[in-house]
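For reference, the structure is listed below as C-alpha cells.
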Amino acid sequence: MSIRETEALRDEQRFVSGLYHRLDRLRERAEAAVRDALRDAGSGRQARIERDIAVAEQSGLLAAYDAGEQGLCFGRLVFRDGRDHHIGRIGVREDDAERTPLVVDWRAEIARPFYLATGHTPMGLSRRRHLTTSGREVTALHDEILDLSDPTRSGHEGRDADEVLLAALDTARTGRMGDIVRTVQAEQDRVIRAPHQGVLVVEGGPGTGKTAVALHRAAYLLYAQRELLARRAVLVVGPNAAFLRYIGDVLPSLGETGVLLATPGELFPGVRATGADTPEAAEIKGRAAMAGVLAAYVRDQQTVPPTGAPLEVPHEDYGTLLIDRDTAEDARWDARGTGLPHNLARPRFATRIVDALTAQLADRLGADPYGGPNLLDASDIAQIGKEVAASDEVHAAIDELWPVLSPQRLVERFLEDPHGYLPDGEAEFLRREPGAPWTPADVPLLDEAAELLGEDDSAARAAAARERARRVAYAQGVLDVSYASRTYEFEDEESEVLAAHDVIDAERFAERHEEDDHRTAAERAAADRTWAFGHIIVDEAQELSAMAWRLLMRRVPTRSMTLVGDPAQTGDPAACGSWREILGPYVGDRYEHVTLGVNYRTPAEIMEVAAAVRRAEEPDFRPPRSVRSTGVAPWETVTDDLPGAVARAVAREARAEGRLAVIAPASHHPGLAAALPEAAHGPNPDLTRPVVLLDPRQAKGLEFDTVIVADPDGVRAAGPHGVNDLYVALTRATQRLGTVRLRPA
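Residue -6 is where the sequence shown starts when you use this note's numbering, and the numbers rise one by one after that.
As C-alpha cells, then:
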C-alpha cells in the first residue's frame, strides 16, 4: 500500500471513529430519554399518553442507531463543485445550530449518484468512494474516478464498480439475508425509488435481487412517506415462515422495524394455518369461482319452513306460535333487500319475524267473538311484541332460520360436505372431517366468508356503552363523596383550595382511567382483519391463488402495491399464471411492469445448466445474464442408493465455507433425513444450520453457497409445475451445484 493510500485510509478511519462517537452519544441520549419518560410520568391519562409517545419515539431512534452499528458508513461522494458527502445506512447530524450532516441516509435524493452515476453520466461527481468496514474499523477503500482530469487521483481507483459488488457476492452465506444497501445497482435503484402510487410489478429471474429490492423499497417508502406509512403500516407477504425468518434481519438493519411480515396463511387474525392440502384441493380452493360458491352456501343458510309444514314455536304464556313459509320468505326477502352481509341483515329478518308473530298473537287474543274490530289497543300490542321479542323460543326459531355464523364455523361446515356446490369429484377432494387443522388455502376462504357474513357488533357496542355509563356513574359517585367531604378549614384564607369536584366532571374523570392502545400500527394491523395498509409488498407473487389476491386487495383499497416474482418459477397448483390474470379484475392494465435482467447470485456455469432445463420445454427461453463466473462446473452422480450418495456428497462439499442445501422431492425426505442427521429439516427448518434439507417449494427465494439436488427427475415429475420446481432448485446456489440422479430401473 502506498503512502497516499495509507493516509487516505487513516483519514477515513478518523472520520468513521468520530461518526461512531457521535452515534454513541445519540444512543446514550435516547436511552436516557426513555428512562426519564418511564421514571417521571405522572398518573393522569395525558401524562401516560405523553410518556408512551416519548418511549415509542426514542425506542424507534434506538432501533435506527442499533441498525447503524454495522456498516454505518459505506460510501463517499466528492462532487466537482466541492461538495463532499459520506453515505450511510442512516443519517447522522452534528449537534450544532445548522444540524450539519455527518453522514447522509442512503435513501436521500442527494445519495442517488452513489448508485446511478457512470463515466458517461457522472451526475456532477468527481469521484465515488466505497468504504469496506469490519465493525468500526475501515479495512479497505475503492475509488472510482468519474472525472479523469481530477488531480487528486489516489491510486485506489478500480477499473469499474464491479470489485465491491463481486466481493459481496462471493461472501459466504449465513442463513440470513443481508441488506444490499452498499451494492444496489442502477436498475435496482430505479425500482426501489419508483413512485409508490398504484401497482408496480417487478419481474426477474433467479438471482436478480427481487426480494432484496422489494425490502429496500419498503425501507425507502417508509423514509419518503414516513407520516402516511407509519400510520397505515407496510405489509410484506412472503411464501412461508422459513422465508420470513430468512429475510427478517434486512429491514431492521436499515433502521425500519414498523413493518408487518406475514405469509398468506397468517392473514386471518386468530387462525394458524398448520395443515396441508393435496395439490388438487389447493387448486380448487384457490379458484376465483370459490367466492360464488361460498356466497351460495351462505344464502342456503337462510332457510324457510317447507310448504304446508310451518315451524312451531312454543310460548309458555300464549301456547304455540307458527312461522309458515310465506311469512319466512317475506322476512328473508326484506332482509336480503338491505344488501347487508348475512349477520348484519339478520336483525332485519328477526324484526320481521317478531312483528309477524306479534300480529298473529294480537289476532288470536284480541279477536271480537262477534266479528268486530280487534279489542286490543296499540299499547296492548306493543306489550305483546315485547314479550315475543324476549322469548328464548322465538330467538331459537330465528336462529334456526337465519343463524348467526362465524367465518370459521361456516367454512368448516362447508368443507364437511361440499357436495351440491361442486362437481362430485372435486367435492371429494375438499371434503374433510370437522376439527381438521386449517391450511394456507383455507385462509382466503375464511376471509371471503367474513366479508359475506359481516360482524354484528351491536351487542358489543351496547355492552361497551353500558360499561362506560357504569364508569361515569362510579366517577360521579367519587366526585359526590369528594364534594360532601369538603372542608372549610381554610375558608378565611385568601387563597382558594380546589378539590377534584371543582376542576373535573365525571365524564373526564372516567376517561382518565380508560386504557389507551399504544401498539404500533403493524401490531394493530396484525390483529385487525379489516385494516387498510398504506402499501403491500408481495414476494413470490406469481404463486398466489385468485382467492388469495381477493384477500390482499381488500387490505389495500388504494392499490398501492409492489409485486415481485417470476412466472418461470411458478410452482403452486392454484397460481393464476400471469400478471394480467392476477391484476385484471382489480386494476385492468393500469399497472407498471419492469424487468430485472441481471443475475447477481447464480454463476454462469450453474445458470447454463438451469436454463437448459427450461429450454427443453421452451426453446426461446432467455435466462437473466449472470455477472460472474466461478470456473467451477456443476457435477452429476448417478446412483442406486440415493441417501448414501447424497450423504457422501454432503460430507465432501461441506468442507467448503458457507451453507449447503439438499433439495429433493418431499417423498425422499424421510430417507435423506436419516442419512443426514446433521441437517435441519421439516416444515420450518433452521436455515442458519450448516446443512439443510428442503423441498423445491421451501427453497423458493433462498440462496446457499452449495446446493445438491437429489433426484432431479423426481422433482420434475412431482407436481403440476415440475419443470419450474426443478429450475428453482438448480438456481439456489451461489458457488457450487451438484445433482444426484437415480439410475433408471
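Cβ coordinates follow ideal geometry from the N, Cα and C atoms, glycine included. Computed from a predicted structure; not experimentally measured.
Boundaries cannot be given for residue 103, as no beta strand (DSSP E) includes it and DSSP labels it neither H nor E. Its Cα nearest to that of residue 122, the residue 133 stands out among 686, 133, 114, 129. Inter-residue distance for residue 53 and residue 250 is about 8 Å (C-alpha atoms, whole angstroms). Take the alpha-carbon of residue 612 and the one of residue 268: they are about 38 Å apart.
Taking residue 717 as the centre and dropping the five residues before and after it, the same chain places the C-beta of 561, 562, 563, 564 closer than 8 Å to its C-beta, in chain order. Per DSSP, the continuous beta strand (DSSP E) segment holding residue 316 begins and ends at 312 to 316.
Residue state for residue 94 is assigned as strand, using DSSP reduced to three classes. For residue 728, the enclosing beta strand (DSSP E) stretches over residues 726 to 735.
The DSSP-derived three-state label of residue 593 is coil.
Boundaries of the beta strand (DSSP E) harbouring residue 628: 628 to 632, taken from the DSSP string.
For residue 530 and residue 552, the gap between their C-alpha atoms comes out near 11 Å. Membership of residue 554 in the beta strand (DSSP E) is indicated by the continuous run 554 to 558. Excluding its 5 nearest sequence neighbours in each direction, residue 647 has C-beta neighbours in its own chain below 7 Å: 653, 683, 684, listed in chain order.
The beta carbon of residue 354 is closer than 6 Å to those of 311, 377 in its chain, skipping five residues each way along the sequence. Straight through space, the alpha carbons of residue 446 and residue 398 are spaced by roughly 7 Å.
Classified as buried, residue 693 has 16 or more neighbouring CB atoms from the shown chains inside 10 Å of its CB. Note on geometry: alpha-carbon atoms of residue 715 and residue 294 lie some 41 Å from one another.
As a beta-bridge residue in DSSP terms, residue 654 pairs with 685, 700. Put simply, the backbone Cα of residue 640 is about 39 Å away from that of residue 247. Excluding the 5 residues flanking it on each side, residue 711 has same chain C-beta neighbours closer than 6 Å at 658, in chain order.
Its chain contains 540, 541, 544 as the residues whose beta carbon lies nearer than 6 Å to that of residue 437, once the 5 sequence neighbours on both sides are disregarded; these appear in chain order.
By the C-beta density criterion, residue 330 is exposed, having fewer than 16 other C-beta atoms within 10 angstroms. Counted as a single uninterrupted DSSP element, the stretch harbouring residue 83 is not any alpha helix (DSSP H), since DSSP gives it neither H nor E.
Annotation for residue 571: no beta strand (DSSP E) segment contains it, and DSSP assigns it neither H nor E.
Contact check for residue 733 and residue 669: beta-carbon distance about 12 Å, past the 8 Å limit, so the pair fails to qualify. Within 10 angstroms of the beta-carbon of residue 616 lie 16 or more other beta-carbons, which makes it buried.
Shown here for residue 424: same chain residues with a beta carbon closer than 8 Å to its own, the five before and five after excluded, namely 408, 409, 410, 411, 412 in chain order. At a Cβ-Cβ threshold of 8 Å, residue 191 and residue 583 count as neighbours.
Taking all protein chains in view, the Cβ of residue -4 is surrounded by fewer than 16 other Cβ atoms within 10 Å, so the residue is classified as exposed. Judged by their CB atoms, residue 591 and residue 180 are nearer to each other than the 8 Å cut-off. Under the three-state reduction of DSSP output, residue 133 falls in the strand class.
Annotation for residue 186: no beta strand (DSSP E) segment contains it, and DSSP assigns it neither H nor E.
For residue 709, the closest alpha carbon among the candidates 656, 167, 348, 571 is that of 656. Per the C-alpha coordinates, the member of 130, 263, 600, 23 positioned closest to residue 519 is 263. 8 Å or more divides the Cβ of residue 78 from the Cβ of residue 65. The DSSP-derived three-state label of residue 436 is helix.
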